[in-house]
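Have a look at the structure below, then the notes.
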């Protein structure tokens, strides 16, 4: 299940790229694991994907999610 999701866009000069950040929630037995995943690439092109964080702590996953989102917004990305 997707717990959080944001899509960002950067267009400046010859750059036209997207960045998607999502946090998924998976039940594992009696526990819940939270995974922060990033996807990026040229808009309309093939997207790369990387797991940025995986933890049983929602607080920890939220902190990583917020940090990455803040960094991208400071670099000039806009919310799609």
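Residue numbers (this note's numbering): -3 to 76.
Just so it is clear, CB atoms sit at the ideal spot from N, CA and C, and this is done for glycine as well.
Query	Result
Buried or exposed for residue 75, going by 16 or more other Cβ atoms inside 10 Å?	exposed
Within a Cβ cutoff of 6 Å, which residues of the same chain sit near residue 3, ignoring the five residues on either side of it in sequence?	16, 76
Output needed for residue 25: all residues of its chain with C-beta closer than 6 Å, excluding positions within five of it in sequence on either side, in chain order.	none
Provide the residue span of the alpha helix (DSSP H) that contains residue 66, from first to last.	54 to 70
Just to confirm the assignment, what range does the beta strand (DSSP E) spanning residue 106 have?	Beyond the ends of the chain as shown, which are -3 and 76, falls residue 106; an answer cannot be given.
Return yes when at least one heavy atom of the ligand MG lies under 7 Å from the C-beta of residue 2, else no.	In terms of ligand content, the structure shown is empty, and the ligand MG therefore cannot be addressed.
What three-state label does DSSP hand residue 13 in the structure shown?	strand
Taking the Cβ atom as the reference point for each residue, do residue 47 and residue 28 lie within a distance shorter than 8 Å?	no
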